[in-house]
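*Asks:* Would you mind keeping the following structure in view while I ask a few things?
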Amino acid sequence: AKQHTTSSVHYSPLSSNNMSSSQQSPLLFLIVGRNEPLYSAEFGKPPGTPITAQSITRQNFIVMHSALDLVDKSCWVNSNMYLKVVDTVNHQMISTFSTACHIKFMLLHTGKNEDAIKNFFMDVYELYTKLSMNPFYRFDTPITSKQFNARVKAAGRRYLS
Amino acid sequence: MSRSTKETSILDRNILKQRSDQVSLSAFSYIYSELVQYHQSRVSNISELEEKLASAGYGVGFKVLELLAYRSRENKRETRIMSILQFISSIAWKALFGKAADSLERSIDHADEYMIFDYNPVTSIYVSAHQSAADAYISGVIAGILEGAGFTATVSAHAVQLEEGESRRSSIGLPVKKDKAVFLVKFSPQILERDTTLER
Chain L
1 AKQHTTSSVH YSPLSSNNMS SSQQSPLLFL IVGRNEPLYS AEFGKPPGTP ITAQSITRQN
61 FIVMHSALDL VDKSCWVNSN MYLKVVDTVN HQMISTFSTA CHIKFMLLHT GKNEDAIKNF
121 FMDVYELYTK LSMNPFYRFD TPITSKQFNA RVKAAGRRYL S
Chain Y
1 MSRSTKETSI LDRNILKQRS DQVSLSAFSY IYSELVQYHQ SRVSNISELE EKLASAGYGV
61 GFKVLELLAY RSRENKRETR IMSILQFISS IAWKALFGKA ADSLERSIDH ADEYMIFDYN
121 PVTSIYVSAH QSAADAYISG VIAGILEGAG FTATVSAHAV QLEEGESRRS SIGLPVKKDK
181 AVFLVKFSPQ ILERDTTLER
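As they're listed, the protein sequences go chains L and Y.
Per my numbering: the first sequence = residues 1 to 161.
Per my numbering: the second sequence = residues 1 to 200.
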């Protein structure tokens, strides 16, 4: 078991059935357009995790994908941009934020910290709006900007770990 | 004395409303006339020109929607037809043209048609013929905003005669306009269905 650098809580390596740890297991963050994910990032993953982590990441994507229908439904029923938790799978929850153009920010997480997640989404929303002002950025295309990536990762470190 | 070498990226810029956001009418008219002339030389008829101008405005619509929604700081999306149309005719029009659209009406004959009126759209102030073709750019912007918000619609620009008693706006030095511009918004049936379901 590794000692996580940002907290004194004993952090165990990735295992989805380890619920005794009070530290969150890695979070998956996706920006989803109309047809495909435009951006993805993971938070809370210490460097040098074993290969078994890969299968859990793929599972995360499948879980996210299955939540899309529910996200779509709440988009039309709820006119707020921050949609809070839209789906729960076992111990994992998916929180969503949907922009005016229905670009969805989805976060797969365990444990409830609504305020931190809301602040994270607000930061990413500001970054996304500024990015979309670029006349060379076409709406609903994958986001390749390195600066955007760096800022989102920094926001994730600030609010989510 | 060395200058700071910090690069300002687009992610650092302030996107809240600023004084420098305003552009002079002449600057806009020069650029827009170049855009129209560019397309005019490459199309064979007027409806193709309208299509090209509309597609030029389409991308602008998405960005306008995101920007204005962010600036309003309410963190809410419009989910109903009336509210998105009101957003377009008041907030979007004010941000783009400096004043709200002159009116928003629902068609009596067709349940899926709405009309936005503007007495003197900025794209056709200096246009002498086929004003509605020049206004196709604005139709594109409206269509982009609607599509972005999740309301698929076809938008077209038309010119209708001014009725008796309506004020005839005109710019200095230009002949008085005899008609006003109408932007006809026709929603697809699924959108209307969804709207009626949400009403319940």
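For glycine and all other residues, C-beta sits at the position ideal for the given N, C-alpha and C.
Quick check on the DSSP output: what are the complete alpha helix (DSSP H) runs of length 4 or more inside the segment 125 to 199 of chain Y, in order along the chain?
*Replies:* Those alpha helix (DSSP H) runs which fall completely within the segment 125 to 199 of chain Y and span 4+ residues are 131 to 134, 136 to 149, 189 to 199.
*Asks:* Is there contact here, the segment 115 to 130 of chain L with the segment 100 to 114 of chain Y, by at least three beta-carbon pairs under 8 Å?
*Replies:* no
*Asks:* Going by alpha carbons, who is nearest to L:R151 out of L:N134, L:Y137, L:Y125, L:V86?
*Replies:* For the purposes of this step, residue 151 of chain L is taken as residue 151 along the first sequence, with counting starting at 1. For L:R151, the nearest C-alpha among the options comes from L:Y125.
*Asks:* Taking only beta-carbon positions, decide if L:A116 is within less than 8 Å of chain Y.
*Replies:* Residue mapping note: residue 116 of chain L aligns to position 116 of the first sequence, counting from 1. It does not; no Cβ of chain Y falls within 8 Å.
*Asks:* Among Y:E193, Y:L68, Y:M82, which residue has its Cα nearest to the Cα of Y:K17?
*Replies:* For this step, residue 17 of chain Y is matched to residue 17 along the second sequence. If we check each option's Cα against that of Y:K17, Y:L68 comes out closest.
*Asks:* Classify Y:P121 as buried or exposed, calling it buried when 16 or more other Cβ atoms lie within 10 Å of its own Cβ.
*Replies:* Position 121 of the second sequence, counted from the start, is the residue given in the question as residue 121 of chain Y. Y:P121 is buried by the Cβ-count criterion.
*Asks:* Please report the distance separating the alpha-carbon of L:D115 from that of Y:R42.
*Replies:* If you number the first sequence from 1, residue 115 of chain L lands on position 115. If you number the second sequence from 1, residue 42 of chain Y lands on position 42. Their backbone Cα atoms lie some 54 Å apart in a straight line.
*Asks:* Given a limit of 7 Å on CB to CB distance, which residues of the segment 70 to 103 of chain L reach chain Y?
*Replies:* Correct list: W76, S79, N80, M81, Y82, S98, T99, A100, C101, H102.
*Asks:* Hey, L:S79 and Y:R77 are a contact pair by Cβ (cut 8 Å); roughly how many whole angstroms apart?
*Replies:* For the purposes of this step, residue 79 of chain L is taken as residue 79 along the first sequence, with counting starting at 1. For the purposes of this step, residue 77 of chain Y is taken as residue 77 along the second sequence, with counting starting at 1. Confirmed, Cβ separation roughly 5 Å.
*Asks:* Mind checking who Y:E105 pairs with in its DSSP beta bridge?
*Replies:* In the second sequence, counting from the first residue as 1, residue 105 of chain Y sits at position 105. Y:E105 is bridged to Y:M115.
*Asks:* Can you tell me whether L:S95 is buried or exposed? The criterion is at least 16 other CB atoms within 10 Å of its CB, across all chains shown.
*Replies:* Locating residue 95 of chain L in the first sequence gives position 95, counting from the first residue. Buried, because 16 or more other Cβ atoms sit within 10 Å of the Cβ of L:S95.
*Asks:* Buried or exposed: Y:F151, going by 16 or more other Cβ atoms within 10 Å of its Cβ?
*Replies:* As a first step, residue 151 of chain Y must be located in the second sequence, where it is residue number 151. The residue is buried, with at least 16 neighbouring Cβ atoms inside 10 Å.
*Asks:* Is the beta carbon of L:F29 less than 8 Å from the beta carbon of Y:F62?
*Replies:* The residue labelled residue 29 of chain L in the question sits at position 29 within the first sequence. The residue labelled residue 62 of chain Y in the question sits at position 62 within the second sequence. Y:F62 is positioned such that its CB atom lies no closer than 8 Å to that of L:F29.
*Asks:* Determine, using beta carbons only, whether L:R157 comes closer than 8 Å to chain Y.
*Replies:* Reading the first sequence from its first residue, position 157 is the one you call residue 157 of chain L. For L:R157, the answer is no, since every Cβ of chain Y falls outside 8 Å of its Cβ.
*Asks:* So is L:M133 in contact with chain Y if we call contact Cβ pairs under 8 Å?
*Replies:* Here residue 133 of chain L corresponds to residue number 133 of the first sequence, with the count starting at 1. So, interface residue.
*Asks:* Identify whether Y:Q18 lies in helix, strand or coil by the three-state DSSP scheme.
*Replies:* Position 18 of the second sequence, counting from 1, holds the residue named residue 18 of chain Y. Residue state, collapsed to three classes: coil.
*Asks:* Could you name the residues of chain Y that L:K130 contacts, counting a contact when the two beta carbons are closer than 7 Å?
*Replies:* On the first sequence, residue 130 of chain L is found 130 positions in, with the first residue counted as 1. Correct list: I10, L11, R13, I15.
*Asks:* Taking only three categories from DSSP, how would you classify L:E42?
*Replies:* Taking the first residue of the first sequence as 1, we reach residue 42 of chain L at position 42. Note: L:E42 maps to strand in three-state DSSP.
*Asks:* What residue range does the alpha helix (DSSP H) around Y:S55 cover?
*Replies:* For the purposes of this step, residue 55 of chain Y is taken as the residue at position 55 of the second sequence. Segment 46 to 72, the alpha helix (DSSP H) holding Y:S55.
*Asks:* Could you tell me which chain Y residues have their CB closer than 8 Å to the CB of L:F139, listed as they occur along the chain?
*Replies:* By 1-based counting over the first sequence, the position of residue 139 of chain L is 139. G59, F62, K63, G148, listed in chain order.
*Asks:* Measure from the alpha carbon of Y:A104 to the alpha carbon of each residue in Y:F183, Y:L49, Y:G59, then state which is nearest.
*Replies:* For this step, residue 104 of chain Y is matched to residue 104 along the second sequence. It should be noted that the sequence gives Leu, not Ala, for residue 104 of chain Y. Considering only alpha carbons, the answer is Y:F183.
*Asks:* Taking 8 Å as the CB-CB cut-off, is L:L127 touching chain Y?
*Replies:* Taking the first sequence and counting its residues from 1, the one referred to as residue 127 of chain L is at position 127. By this cut-off, L:L127 is an interface position.
*Asks:* Please state the DSSP three-state secondary structure of L:H65.
*Replies:* Taking the first residue of the first sequence as position 1, residue 65 of chain L is located at position 65. It is helical.
*Asks:* With distance defined between alpha-carbon atoms, name the residue in Y:S29, Y:K178, Y:Y32, Y:I81 nearest to Y:Q190.
*Replies:* On the second sequence, position 190 is the one that residue 190 of chain Y refers to. Checking every option, the nearest Cα to that of Y:Q190 belongs to Y:I81.
*Asks:* Along chain L, in chain order, which residues have C-beta atoms closer than 7 Å to that of Y:L67?
*Replies:* If you number the second sequence from 1, residue 67 of chain Y lands on position 67. Within chain L, the residues near Y:L67 are T129, M133.
*Asks:* Nearest chain Y C-beta to L:R151 closer than 8 Å, yes or no?
*Replies:* Here residue 151 of chain L corresponds to residue number 151 of the first sequence, with the count starting at 1. It does; some Cβ of chain Y falls within 8 Å.
*Asks:* Counting only beta-carbon atoms, is L:F148 nearer than 8 Å to chain Y?
*Replies:* One-based indexing of the first sequence puts residue 148 of chain L at position 148. True, the Cβ-Cβ gap to chain Y drops below 8 Å.
*Asks:* Just to confirm, are Y:S124 and Y:A153 a CB contact at a threshold of 8 Å?
*Replies:* Residue numbering aside, residue 124 of chain Y sits at position 124 when the second sequence is read from its first letter. Residue numbering aside, residue 153 of chain Y sits at position 153 when the second sequence is read from its first letter. No, they are not a contact pair.
*Asks:* When the Cα atoms are used, what is the spatial distance from L:S21 to L:H91?
*Replies:* The count along the first sequence starts at 1 and reaches residue 21 of chain L at position 21. The count along the first sequence starts at 1 and reaches residue 91 of chain L at position 91. The predicted model places L:S21 with a pLDDT of 37, which falls under 50 and marks its position as unreliable; any figure quoted below should be read in that light. The straight-line gap from Cα to Cα measures roughly 13 Å.
*Asks:* Just confirm the distance between the C-beta atoms of Y:L65 and Y:I145, as a whole number of angstroms; I'd bet it's less than 8 Å.
*Replies:* As a working mapping, residue 65 of chain Y is identified with position 65 in the second sequence. As a working mapping, residue 145 of chain Y is identified with position 145 in the second sequence. Their Cβ separation, rounded to whole angstroms, is 5 Å, which keeps Y:L65 and Y:I145 in contact under 8 Å.
*Asks:* Interface residues of chain L around Y:L198 at Cβ under 9 Å?
*Replies:* Along the second sequence, read from residue 1 onward, the residue named residue 198 of chain Y stands at position 198. In chain order: W76, V77.
*Asks:* Bridge partners for L:K84 per DSSP, in chain order?
*Replies:* Translated into positions along the first sequence, residue 84 of chain L becomes position 84. Its beta-bridge partners are L:T96.
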